[in-house]
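>
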Amino acid sequence: MPKLLTVRVSFAGTSKINLHLPGCKNESVSLSMGSFNALAQMQPADTAELVLHRTAARQMGLRDKEKIAYYRQGKTVKTGPVVGILTAGQGVVPGNREMFRFVQRACQQAGLVAYVFTPADVDWTRNVVRGYQYRQGRWQSRRFPLPDVVYNRVPNRQLERGSAVRLVKQRLRSRGIPYYNSHYLNKYDLYRILRDTEVEPHLPWTRSVSKTSDIAGALRRFGSVYLKPKHAFAGKGILRVDLRPSGWTLRYRMGRNREVNGSTLAALWPVLHRHMGGKGYVVQQAIPLARYQGRAFDVRLLAQKNEAGYWQVTGMGIRVAGKGSITTHVPNGGFIASADKVIPEVFGSQAAEVRENVVRLALMVAPIVEKSSRGLFGEMSMDIGIDRQGWPWFFEANAKPMRFDESGIRRRGLATLVAYAKYLAGVPEGGG
Numbered sequence: 218m219p220k221l222l223t224v225r226v227s228f229a230g231t232s233k234i235n236l237h238l239p240g241c242k243n244e245s246v247s248l249s250m251g252s253f254n255a256l257a258q259m260q261p262a263d264t265a266e267l268v269l270h271r272t273a274a275r276q277m278g279l280r281d282k283e284k285i286a287y288y289r290q291g292k293t294v295k296t297g298p299v300v301g302i303l304t305a306g307q308g309v310v311p312g313n314r315e316m317f318r319f320v321q322r323a324c325q326q327a328g329l330v331a332y333v334f335t336p337a338d339v340d341w342t343r344n345v346v347r348g349y350q351y352r353q354g355r356w357q358s359r360r361f362p363l364p365d366v367v368y369n370r371v372p373n374r375q376l377e378r379g380s381a382v383r384l385v386k387q388r389l390r391s392r393g394i395p396y397y398n399s400h401y402l403n404k405y406d407l408y409r410i411l412r413d414t415e416v417e418p419h420l421p422w423t424r425s426v427s428k429t430s431d432i433a434g435a436l437r438r439f440g441s442v443y444l445k446p447k448h449a450f451a452g453k454g455i456l457r458v459d460l461r462p463s464g465w466t467l468r469y470r471m472g473r474n475r476e477v478n479g480s481t482l483a484a485l486w487p488v489l490h491r492h493m494g495g496k497g498y499v500v501q502q503a504i505p506l507a508r509y510q511g512r513a514f515d516v517r518l519l520a521q522k523n524e525a526g527y528w529q530v531t532g533m534g535i536r537v538a539g540k541g542s543i544t545t546h547v548p549n550g551g552f553i554a555s556a557d558k559v560i561p562e563v564f565g566s567q568a569a570e571v572r573e574n575v576v577r578l579a580l581m582v583a584p585i586v587e588k589s590s591r592g593l594f595g596e597m598s599m600d601i602g603i604d605r606q607g608w609p610w611f612f613e614a615n616a617k618p619m620r621f622d623e624s625g626i627r628r629r630g631l632a633t634l635v636a637y638a639k640y641l642a643g644v645p646e647g648g649g
């Protein structure tokens, strides 16, 4: 358990900062929280308290009776650490507000100071941030020091590529402030990164689509293919084409499951063009997935770095395709099932080996992707298919995972996120 102290804000008297800590001696120390540093007088006491004049409390963004973690490092007492949640866009607190609330609450419960901010909220000259915290049912802004670590949750690729976010990243690097989940991942880039590695046997054949012959060749080779947007998520824009003795069948979802049939490939191209437009697509071999209750399923798992900076699989769930659906995504009619139930039921005596192979594949993929991407990642959600022989296939990784529906995975995921933030901030094991 972290050591916590209680903040006491004084509205009168001296501006001196006093630290009352059990088992200490009377001495002057440096107090730090994020980019804030000040001299403090440490005194022995039965309970741990940080007594601040309201001026210092405002500089640190702290409230009366707030509890924060602390640890001693030589002549310095470090508090927090401070986690900045980076987002971008229009309005107050743009992005996934529900996720921000969960992350902030998990940090606060562990004694960390967490706030949400955008590039426009940072004053780099004064090293302060206008950050937002969810309190008393609304988002409230306060001034905070620069964070010790930044959790990147910029909500889309366009904003990620924008000059404002790029400038924030550049300035974080120049100040030695680590930020993780550094950028979005592209489906075809992932394939190119992984195809010449030990992961290659687990990759469906995949090519970038530049002309109709790319799709025609894949269809003749495999009989069934998926067409996937390079930058989409949650199953949006995915098409499936199957060759039939009488021609072909195109299936997709637009509000509901839809199907188009034709007799010649020449008739297929105009139909595909209407759906694909000028967007970047990949064509991918369709894997005959194992089935549960007569429907295809795959695994969605959360891989994260832990308190020691090593990748682990925090949890996995099963996504079962909806009736007539070409994907397993829940918004497309799929449903959620337990991996502990489905894998043994489908694979019997093979179940333990199948599960171990899925975990092993995820733990191969994550470090290779991170190393090749030249960025720091702390988490990835992955879609992994299992064929009817029990072999795992890597489909996709998302560096900005969406919220898992499974409460156990959500709970463990938040705890691991906090532990990794402390690791990046340099909190020693057992400290803070």
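Per the working numbering, the sequence shown starts with residue 218, numbered consecutively.
Using N, Cα and C, we set each Cβ at its ideal position, and we do this for glycine too.
Given the structure is predicted, the values throughout are model-derived calculations rather than measurements.
(1) Determine the direct distance from the alpha carbon of phenylalanine 611 to that of serine 624, and round the result to whole angstroms.
(2) Tell me whether the beta-carbon of valine 300 lies closer than 9 Å to the beta-carbon of proline 239.
(3) Within this structure, are the beta carbons of leucine 221 and lysine 284 separated by less than 9 Å?
(4) With H, G and I counted as helix, E and B as strand and the rest as coil, what does DSSP make of isoleucine 560?
(5) Since threonine 293 is in the beta strand (DSSP E), which residue starts that stretch and which ends it?
(6) Give me whichever residues DSSP pairs with asparagine 478 in a beta bridge.
(7) Does the structure place the segment 565-578 close enough to the segment 352-367 that three or more beta carbon pairs sit under 8 Å?
(8) In whole angstroms, what separates the C-alpha of asparagine 478 from that of arginine 461?
(9) Could you name the residues of the same chain whose beta carbon sits closer than 6 Å to that of arginine 424, not counting the 5 residues immediately before and after it, in chain order?
(10) For glutamate 646, tell me which candidate among Ile234, Tyr288, Glu244 has the shortest Cα-Cα distance.
(11) Helix, strand or coil: which one does DSSP assign to proline 418?
(12) Report the option in Lys617, Glu596, Asp622 whose CA atom is closest to the CA atom of leucine 634.
(13) If I follow the unbroken beta strand (DSSP E) through asparagine 398, where does it start and stop?
(14) Along the chain, where does the beta strand (DSSP E) containing glycine 565 start, and where does it finish?
(15) Can you list, in chain order, the residues of its chain whose CB lies under 8 Å from that of leucine 411, leaving out five sequence neighbours each side?
(16) Here's the rule: buried if 16 or more other CB atoms are within 10 angstroms of the residue's CB, otherwise exposed. What is valine 294?
(17) For glycine 440, collect the residues of the same chain with a Cβ closer than 6 Å to its Cβ; drop the 5 residues on either side in sequence, then sort them by chain order.
(18) What residue range does the beta strand (DSSP E) around arginine 289 cover?
(19) Let me know the secondary structure DSSP gives proline 446 once reduced to three states.
(20) If I measure Cβ to Cβ from cysteine 324 and keep anything under 8 Å in the same chain, skipping five residues before and after, which residues do I get?
(21) Let me know the secondary structure DSSP gives serine 624 once reduced to three states.
(22) Measure the beta-carbon distance from valine 320 to leucine 580 and round it to whole angstroms, keeping in mind my assumption that it falls under 8 Å.
(23) In chain order, what residues of the same chain lie with their CB nearer than 7 Å to the CB of isoleucine 560, ignoring the 5 residues before and after it?
(24) Alpha carbon to alpha carbon, how far is arginine 512 from proline 298?
(25) Could you have a look at aspartate 600 and say whether DSSP puts it in helix, strand or coil?
(26) Between which two residues does the alpha helix (DSSP H) harbouring aspartate 431 extend?
(27) In three-state DSSP terms, what is glutamate 646?
(28) Mind checking whether threonine 296 and leucine 248 have CB atoms under 9 Å apart?
(29) Could you have a look at glycine 630 and say whether DSSP puts it in helix, strand or coil?
(30) Is the Cβ-Cβ distance between asparagine 398 and arginine 370 less than 9 Å?
(31) Can you tell me where the alpha helix (DSSP H) holding arginine 322 begins and where it ends?
(32) Relative to the C-alpha of serine 252, which candidate in Lys617, Thr466, Lys453, Gly278 has its C-alpha closest?
To lay it out plainly:
(1) Spanning the two alpha carbons is a distance of roughly 24 Å.
(2) Taking 9 Å as the Cβ cut-off, valine 300 and proline 239 do not qualify as a contacting pair.
(3) Contact annotation: leucine 221 and lysine 284 have beta-carbon atoms nearer than 9 Å.
(4) Isoleucine 560 carries a helical assignment under DSSP once its states are collapsed to helix, strand and coil.
(5) It spans 293-296 - the beta strand (DSSP E) in which threonine 293 sits, taken as one unbroken run.
(6) According to DSSP, asparagine 478 bridges with Thr466.
(7) Three or more beta-carbon pairs separated by less than 8 Å are not found between the segment 352-367 and the segment 565-578, which leaves the two stretches without contact.
(8) So the two alpha carbons sit approximately 9 Å from each other.
(9) For arginine 424, where only same-chain residues beyond five positions count, the Cβ hits under 6 Å are Asp431, Val500.
(10) Looking at the Cα atoms, Tyr288 is the closest of the given residues.
(11) Residue state, collapsed to three classes: helix.
(12) In terms of Cα proximity to leucine 634, the closest of Lys617, Glu596, Asp622 is Glu596.
(13) No beta strand (DSSP E) contains asparagine 398, which DSSP labels as neither H nor E.
(14) Run containing glycine 565: none; DSSP gives neither H nor E here.
(15) Short of 8 Å from the beta carbon of leucine 411, and not among the five residues preceding or following it, lie these beta carbons of its own chain, in chain order: Glu417, Leu420, Val582, Ile585, Val586, Phe611.
(16) With 16 or more other Cβ atoms within 10 Å, it is buried.
(17) Excluding sequence neighbours, glycine 440 sits near Leu460.
(18) Counting along the chain, the beta strand (DSSP E) containing arginine 289 begins and ends at 284-290.
(19) Proline 446: strand per DSSP, three-state reduction.
(20) Excluding positions up to five away in sequence, the list reads Val300, Val330, Ala331, Val635, Ala638.
(21) The DSSP-derived three-state label of serine 624 is helix.
(22) Valine 320 to leucine 580, Cβ: 24 Å. No contact.
(23) Once the five neighbours on either side are set aside, the close Cβ partners of isoleucine 560 are Ala568, Val571, Arg572.
(24) Looking at the two C-alpha atoms, the distance is approximately 47 Å.
(25) Aspartate 600 falls in the strand class under three-state DSSP.
(26) 429-439 is the span of the alpha helix (DSSP H), which, as asked, contains aspartate 431.
(27) Coil at glutamate 646, not helix or strand.
(28) Yes, the pair counts as a contact, with Cβ atoms nearer than the cut-off.
(29) Helix, per DSSP.
(30) Going by C-beta atoms, asparagine 398 is nearer than 9 Å to arginine 370.
(31) First-last of the alpha helix (DSSP H) with arginine 322: 314-326.
(32) Closest option to serine 252, Cα to Cα, is Gly278.
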